[in-house]
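Read the structure below first, then the notes.
Number of protein chains: 2
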Amino acid sequence: MPRPRTPLLDRRRIGAAALRIADDQGVLAIPALARDLGVAPSALYHHVSGRGEIISLMREELALETSPDAWDSSQPWEQALEEWARSYRTAFAAHPGAVPLLATAPLAEPFMHAMYEKVAELLLTAGFTASQVMPLINAMESFILGSALDLVAPPVMVSDVTRETAPHLTAVLDDTPTDHRRAELAFDVGLRALITGFRALLPR
Amino acid sequence: MPRPRTPLLDRRRIGAAALRIADDQGVLAIPALARDLGVAPSALYHHVSGRGEIISLMREELALETSPDAWDSSQPWEQALEEWARSYRTAFAAHPGAVPLLATAPLAEPFMHAMYEKVAELLLTAGFTASQVMPLINAMESFILGSALDLVAPPVMVSDVTRETAPHLTAVLDDTPTDHRRAELAFDVGLRALITGFRALLPR
DNA sequence: ACCTGAACACCGTTCAAGT
DNA sequence: ACCTGAACACCGTTCAAGT
Chain A
615 MPRPRTPLLD RRRIGAAALR IADDQGVLAI PALARDLGVA PSALYHHVSG
665 RGEIISLMRE ELALETSPDA WDSSQPWEQA LEEWARSYRT AFAAHPGAVP
715 LLATAPLAEP FMHAMYEKVA ELLLTAGFTA SQVMPLINAM ESFILGSALD
765 LVAPPVMVSD VTRETAPHLT AVLDDTPTDH RRAELAFDVG LRALITGFRA
815 LLPR
Chain B
615 MPRPRTPLLD RRRIGAAALR IADDQGVLAI PALARDLGVA PSALYHHVSG
665 RGEIISLMRE ELALETSPDA WDSSQPWEQA LEEWARSYRT AFAAHPGAVP
715 LLATAPLAEP FMHAMYEKVA ELLLTAGFTA SQVMPLINAM ESFILGSALD
765 LVAPPVMVSD VTRETAPHLT AVLDDTPTDH RRAELAFDVG LRALITGFRA
815 LLPR
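Residue numbers (the numbering used here), protein chains in the order written: chain A, 615 to 818; chain B, 615 to 818.
What follows is the structure, given as structure tokens:
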């Protein structure tokens, strides 16, 4: 087949299709991606350097899908920070199947700089020192990425042997939901605890 | 070659070798693992069901390497919880190359039940309710896994364009170490914030 | 510049054959 | 029961050839 008058592919479409495929299948295979895009696998290499760059494009697509004004930094910093964290995790939750591929690296790519800038300004304005801010952001991000992975974690199974040898574990599991609310509850309690702990660092 | 009088392989050795290889190479390939163990790749399938189970064995090996009394649950709960979290993350930090393979799922396997039991008892004794405990453990674990991944995160690069368009980000990055202390600081501040936030949930 | 189709090295897994 | 070696389907990537 000849070169089409208008290119069949571009990086944006590759990232979007890859995100959809990974979310559906739980893995990303180049042949499956090419099939979805209606091209030969080799065609992709005219637009990206390889599989790693495709995954980076998936992260970029995720960021693009997430509205940059999904959170309002003009509120009190506790609420703004909570909104940011929730919008960040919601973006992952929209593509659960792709989470293991996406959440294993922070979104350190350049297109994330605008988000970091907004959070850094928020925390500096709140009164945290320059040397405190990046650790706070990193800690929050670790918690968010870990919580995203928790969305697709296999449930803890309470076998009969567990019931005998681990009475306390059994007791607390009996009071823990087994559906999606399990991860929600953990995220909620952790997020609020982090913000409470952050506030304790501020001079009063 | 005939069947050896004493088996060349067992699950423990497979897990240990896989952990070492993944740590060294950053990826786990079955042929490389078999070569390291001095057998043909197909020999492995007499002991494990496949690649997934090998990764599970790696997690088990990690847990076995971590001394079960690496943390003392008889201290005040804040210190015990902190020690637990630190020993958990230290186990990952001992095999940084393998972290992306290991930290993407909580160690939900049965051999982790003893640890969960110990933490559940600790938190119940501290005064948390049965319905609070599992969310607290899950939140802590998400933070620990995220922090383990942060150990091998690519550094955020401050390009010149960043310096102009993101002044606050630039300012805080100038006050942030670029070596291993970056992840340490983030883990420390996050861990203490979480525990502070947890304590605020207790009746006084 | 952009795509195809053939080709390459490699991977995870299965299975018959050997003791 | 435990291992080998051949075999299979599949993967990511390269590259010459086509327009």
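Yeah, the Cβ is synthetic: ideal placement off N, Cα and C, and Gly gets one too. Here the structure is a predicted model, which means the values were calculated and not measured.
Closer than 8 angstroms to chain B by CB, residue i
i	result
A/M748	yes
A/P682	no
A/E778	no
A/H727	yes
A/G741	no
A/V653	no
Nearest neighbour of residue i, chosen from the options [CA to CA]
i	options	result
A/S756	B/S688, B/A657, B/L799, B/Q689	B/L799
B/S761	A/P720, A/M771, A/K732	A/P720
A/Q689	A/L805, A/R806, A/T790, A/L736	A/L736
A/A707	A/A753, A/G811, A/A797	A/A797
A/G664	A/I644, A/V803, A/A785	A/I644
B/R818	B/A646, B/F742, B/L716	B/F742
B/A677	B/L622, B/A814, B/A767, B/A630	B/A630
A/M754	A/I628, A/H661, A/A632, A/A699	A/A699
A/D789	B/M748, B/R777, B/T680	B/M748
B/T776	B/A767, B/T718, B/A728, B/L787	B/L787
B/L695	B/T718, B/A712, B/I758	B/I758
B/V766	A/N752, A/Y702, A/W691	A/N752
A/T560	B/I635, B/E731, B/S773	Examination of residue 560 of chain A is not possible in this model, given that chain A is present from 615 through 818 alone.
A/D793	A/T810, A/P768, A/D683	A/P768
B/L622	B/R795, B/D638, B/I635, B/D650	B/D650
B/M726	B/R673, B/I635, B/L750	B/R673
B/D764	B/T704, B/I628, B/L647	B/T704
Buried or exposed by the 16-neighbour rule on C-beta atoms within 10 Å, applied to residue i
i	result
B/Q746	buried
B/H709	buried
A/F812	buried
A/G569	Look at the range of chain A in this structure, 615 to 818, and you will see that residue 569 of chain A is not part of it.
B/T620	exposed
A/F801	buried
A/T739	exposed
B/S670	buried
B/R626	exposed
B/M771	exposed
B/Y702	buried
DSSP three-state assignment for residue i, whether helix, strand or coil
i	result
A/E723	coil
B/D683	coil
A/R818	coil
B/L676	helix
A/A820	No statement about residue 820 of chain A is possible, as the shown extent of chain A runs from 615 to 818 and does not include it.
B/A780	coil
A/T739	helix
B/P655	helix
B/M748	helix
A/L763	helix
A/A642	For the sequence presented, residue 642 of chain A should be read as Leu rather than Ala. Coil, per DSSP.
A/P621	coil
A/S663	coil
B/A785	helix
A/Q693	helix
A/M771	coil
B/D793	coil
CB contact below 8 angstroms: residue i versus chain A
i	result
B/D789	yes
B/T718	yes
B/A712	no
B/R665	no
B/D764	yes
B/G640	no
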